[in-house]
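One structure is given below, encoded as structure tokens.
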Amino acid sequence: MNGEWVILIWTLISVIFLVKIPSVRELFANVRKMSAIGIICMVLSLGFLANVSYTKDGVSTNETTSQTISLSVENSSTPTQSSTSTRTGLPDFWKDDPTDTDEDGIPDLWEKWTHGNRAIADGDLDRDGDGLTDLEEFLNQTDPRTADTDGDSFSDAFEIANGMNPVSAEDFIPIEPDTNHNGVPDMWEQIGYSDTFHDANGNGFDDTYERYYIPAASDDNFDVLVDVYTTRSATLNWTSGENRMTILILPTTGTFVKIRLPFGSDTELYLQSSPYGTDLPSGELWKSRMRISFVPRTGQNLNGNALISSEGVIAHKVVNVENVIVRFPEPLSARGVQTQSLTSGNSDGPNTDIKAGKFEVFCADLYHGVGDVVGPLTVTTLLGMESATYDWSSTYGSMSPDSGSESWLTVTRLPASQDEKMSVVTTAELDSQSHVAITSIVEQCSQRMFSASFSTDNFSPQLGETLGIGVTLPGCIHEINPGWLEIEVVREVIGAMQHVASVDMDISTSTVDRYLDTSTLGGQTLPFAWDGLAQVSLPLADHPDVFNGSKGRSIHRAMPSIEADEPVPPPFCTVRVRLWNLGKTEVLNEYSETVFIPQVVKISFLSNVPSLLATPLVYTNADNSATIVYAGTEDEAAAEQILLDMPRYIMAFMPDDVNIRFVNAEQPVSGSYTGFFLTKMPSPIDDVLGACFGLDQRNSTPIGLGVIYAYDTHETIREYYRYRDVVGDVFTVPLSGSAFANLLALISVHEVAHALGLVDPDVLDAFSIEDPHNLNGAGQNIMDSCAMQRMSDILSPSKTRYWRRNNRHYMEFCLPKKKWGFL
12 MNGEWVILIW TLISVIFLVK IPSVRELFAN VRKMSAIGII CMVLSLGFLA
62 NVSYTKDGVS TNETTSQTIS LSVENSSTPT QSSTSTRTGL PDFWKDDPTD
112 TDEDGIPDLW EKWTHGNRAI ADGDLDRDGD GLTDLEEFLN QTDPRTADTD
162 GDSFSDAFEI ANGMNPVSAE DFIPIEPDTN HNGVPDMWEQ IGYSDTFHDA
212 NGNGFDDTYE RYYIPAASDD NFDVLVDVYT TRSATLNWTS GENRMTILIL
262 PTTGTFVKIR LPFGSDTELY LQSSPYGTDL PSGELWKSRM RISFVPRTGQ
312 NLNGNALISS EGVIAHKVVN VENVIVRFPE PLSARGVQTQ SLTSGNSDGP
362 NTDIKAGKFE VFCADLYHGV GDVVGPLTVT TLLGMESATY DWSSTYGSMS
412 PDSGSESWLT VTRLPASQDE KMSVVTTAEL DSQSHVAITS IVEQCSQRMF
462 SASFSTDNFS PQLGETLGIG VTLPGCIHEI NPGWLEIEVV REVIGAMQHV
512 ASVDMDISTS TVDRYLDTST LGGQTLPFAW DGLAQVSLPL ADHPDVFNGS
562 KGRSIHRAMP SIEADEPVPP PFCTVRVRLW NLGKTEVLNE YSETVFIPQV
612 VKISFLSNVP SLLATPLVYT NADNSATIVY AGTEDEAAAE QILLDMPRYI
662 MAFMPDDVNI RFVNAEQPVS GSYTGFFLTK MPSPIDDVLG ACFGLDQRNS
712 TPIGLGVIYA YDTHETIREY YRYRDVVGDV FTVPLSGSAF ANLLALISVH
762 EVAHALGLVD PDVLDAFSIE DPHNLNGAGQ NIMDSCAMQR MSDILSPSKT
812 RYWRRNNRHY MEFCLPKKKW GFL
């Protein structure tokens, strides 16, 4: 009876609500116009329908007539098979018709909805091939026709085995704390680049990345689109060469992040669930996925799974791990432990590699006519394509063999005109879908053939090195033209090419012979050498190249003064190989090459420094107990060897593209160089670990002097230990002698960079001329006024991570190491 009263009350409330609706009021008005018999018939019909639709208990009796299926269940992080009803033998969630004609445990109605066979017991079938039988799919309420019911790229069987919800793509972990409400979870606040992904202009690039870090689009780089799925906040990290970047992604079912990568370098991309050293929530799950696709620009082509640049460099995508489930274990660890994944990876999240590939074809032989066998044509300069297979073809003759890394061309026809070139096509097969073909030219033997090769494009005359030069003269045994060969060293300044030296063309004479008669030398390759010594004196001058500073001022690259009979100073010079006619009035052929000269920095130490390195350092704790924070070395001889190895420690902090050579006290050096001394003497100024003298804002005078106060460094280790908890540092004591060397190396790099022009307050973001350091002083970069404040970072130096982008580019501008990207 109580149930009937409830129904009556709700009916009255509904009528009151309905009469307020204009359309219903219009209906009642029309009813009032009906005859009494019509009204009685309508009321009886409604009563009959209500009696059919509801039982005495108010429960629907028409549910089994539904023709749709709902595969969503309550969101749970650990779905399991439903419990079984003792009345029907079916799970408790099944409220519909229990009829099971074929007695396979699956109701007929479910089989009808999922297009199963209700007449055959086929519950053990796996129609979608995901590892679950149709009966198991029913018990877990997943669709037996698709391997991934919720469409999140994780199969139903995979999610069930790992305690995930197979029918909900958004089974996120609750949002992590964000105390200051800045959109960055607390645990990510301390990483160097912690801005969350934001793309205001909708071009796919993160706003901060695009504003400060992304290189300009060029033929040397390409774009990829990263589709990220993660149930926790995580960083998308990528490392290409020595460059590493990080962008924070909040929990998402699909965020598309575009990044720009260099051609010619392998790239590793991975998701990371939490910063290093951060405790993870024990027992929680993390589900993540990462997909990579290329975004070709003009001149770049997709061929299967390969992106080909306009110059033939190939970036080949290789996916190691796409989907990953991580369960954070007991006890708490510093990183997530991967308990289940499709394949193994090298991080705690999805890991993808983009492999860079490049090959060239070299042929030193020339052709004269039909019937010549030219070769070998050889595949060279392999970069990431060692496992590729190569095929050969040519419309000018037959190739033998037609596959492999070498082949010979038998010429059967000649080019029809001078503009047509004899060519050979080499096709590299990267995989079953990706092929890359390059065309190489086979040259005809003629008097126009002229070339030069160099033993290196980077040598240091200050260290006694020489430059080898090989010159191939035009002509062959049946065709020789007389002339004069000259090799001249010049330097470029604004508006002129200045003579620096001439390579001696005949070392048998006592003077420098500038020219060599080639009348009888056609077709030969001749060796020459240059000692790197200047033969004239030249003043300081400006090179045409300009560096645009972050503060709006621009400066030219400096070309330092040159002293006759002294080694040519950095940064570079140009070697011109020229073939003159007999009268030396016309240059018949010319070849030039830029040769880069490094800045030499000599690291010496005073006699009392080894004893300091050998001395242990003790820290007195608040309870008056003693802790050895630095163990010292076994003896002074071992300490001295560490100091002699200082160049190796220093180079671990220096960017690879900065052309600089560090040498120890035993290395002889001539000409202009910078010298640094390590001393046990305390600094005359408090809190100063090192100093340089004669600061040069653009390395226009590559001669300098600096000092590193090893005594203050020794005491600084004590301070690092004292404040390790304040700055969140993690390192083990006692420290070794190599740890001391790393700290000395860091200080040396800082001071050497000052001596070479960092930080120029008028060009880069420094404080002022009195304090030429990075503007923010955050204690995280090489050129911050307080250097780095974490011993754990010093023990694991990075060539690029602790350099501000502008600082690093400034150093690369002053001392370039390669031609591309700088000249």
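Residue numbers for the sequence shown follow my numbering, beginning at 12 and rising by one. The beta carbon of each residue, even a glycine, is placed where N, CA and C say it ideally should be.
Whole-angstrom distance between residue j and residue i, CA atom to CA atom
{"i": "residue 661", "j": "residue 234", "result": "34 Å"}
{"i": "residue 282", "j": "residue 301", "result": "8 Å"}
{"i": "residue 502", "j": "residue 681", "result": "21 Å"}
{"i": "residue 724", "j": "residue 658", "result": "18 Å"}
{"i": "residue 801", "j": "residue 185", "result": "32 Å"}
{"i": "residue 130", "j": "residue 116", "result": "12 Å"}
{"i": "residue 586", "j": "residue 602", "result": "8 Å"}
{"i": "residue 148", "j": "residue 154", "result": "6 Å"}
{"i": "residue 381", "j": "residue 452", "result": "16 Å"}
{"i": "residue 626", "j": "residue 650", "result": "10 Å"}
{"i": "residue 273", "j": "residue 212", "result": "23 Å"}
{"i": "residue 476", "j": "residue 704", "result": "28 Å"}
{"i": "residue 686", "j": "residue 716", "result": "5 Å"}
{"i": "residue 177", "j": "residue 264", "result": "14 Å"}
{"i": "residue 605", "j": "residue 743", "result": "47 Å"}
{"i": "residue 618", "j": "residue 675", "result": "14 Å"}
{"i": "residue 249", "j": "residue 237", "result": "11 Å"}
{"i": "residue 824", "j": "residue 753", "result": "26 Å"}
{"i": "residue 417", "j": "residue 432", "result": "21 Å"}
{"i": "residue 615", "j": "residue 411", "result": "59 Å"}
{"i": "residue 633", "j": "residue 755", "result": "28 Å"}
{"i": "residue 673", "j": "residue 158", "result": "59 Å"}
{"i": "residue 464", "j": "residue 702", "result": "42 Å"}
{"i": "residue 522", "j": "residue 430", "result": "45 Å"}
Bridge partner(s) assigned by DSSP for residue i
{"i": "residue 580", "result": "DSSP output for residue 580 lists no bridge partner at all."}
{"i": "residue 610", "result": "671"}
{"i": "residue 281", "result": "248, 362"}
{"i": "residue 368", "result": "325"}
{"i": "residue 451", "result": "435"}
{"i": "residue 401", "result": "439"}
{"i": "residue 510", "result": "501"}
{"i": "residue 446", "result": "440"}
{"i": "residue 600", "result": "590"}
For residue i, three-class secondary structure by DSSP
{"i": "residue 566", "result": "strand"}
{"i": "residue 218", "result": "helix"}
{"i": "residue 355", "result": "Per-residue confidence for residue 355 stands at a pLDDT of 32, beneath the threshold of 50, marking its modelled position as unreliable; the derived number appears in the next sentence. Coil at residue 355, not helix or strand."}
{"i": "residue 123", "result": "helix"}
{"i": "residue 308", "result": "coil"}
{"i": "residue 785", "result": "strand"}
{"i": "residue 495", "result": "strand"}
{"i": "residue 821", "result": "helix"}
{"i": "residue 587", "result": "strand"}
{"i": "residue 131", "result": "coil"}
{"i": "residue 157", "result": "coil"}
{"i": "residue 184", "result": "coil"}
{"i": "residue 378", "result": "strand"}
{"i": "residue 806", "result": "coil"}
{"i": "residue 801", "result": "coil"}
{"i": "residue 620", "result": "helix"}
{"i": "residue 317", "result": "strand"}
{"i": "residue 530", "result": "coil"}
Integer-rounded CB distance, given that residue j should sit under 8 Å from residue i
{"i": "residue 610", "j": "residue 581", "result": "5 Å"}
{"i": "residue 434", "j": "residue 462", "result": "No, residue 434 and residue 462 are not in contact; Cβ-Cβ is about 19 Å, not under 8 Å."}
{"i": "residue 165", "j": "residue 298", "result": "7 Å"}
{"i": "residue 276", "j": "residue 251", "result": "5 Å"}
{"i": "residue 758", "j": "residue 719", "result": "5 Å"}
{"i": "residue 690", "j": "residue 721", "result": "6 Å"}
{"i": "residue 512", "j": "residue 544", "result": "7 Å"}
{"i": "residue 378", "j": "residue 437", "result": "At roughly 17 Å, the Cβ-Cβ gap does not stay under 8 Å, so residue 378 and residue 437 are not in contact."}
{"i": "residue 107", "j": "residue 118", "result": "7 Å"}
Contact with chain E by residue i, beta-carbon distance below 8 Å
{"i": "residue 255", "result": "Protein chains in the displayed structure number just one, and chain E is not present."}
Any non-hydrogen atom of the ligand FMN within 7 Å of residue i CB
{"i": "residue 713", "result": "The model on display carries no ligand, and the ligand FMN is accordingly not part of it."}
Can you list, in chain order, the stretches of the alpha helix (DSSP H) that have 4 or more residues and sit fully within the stretch 686–752? 721–733
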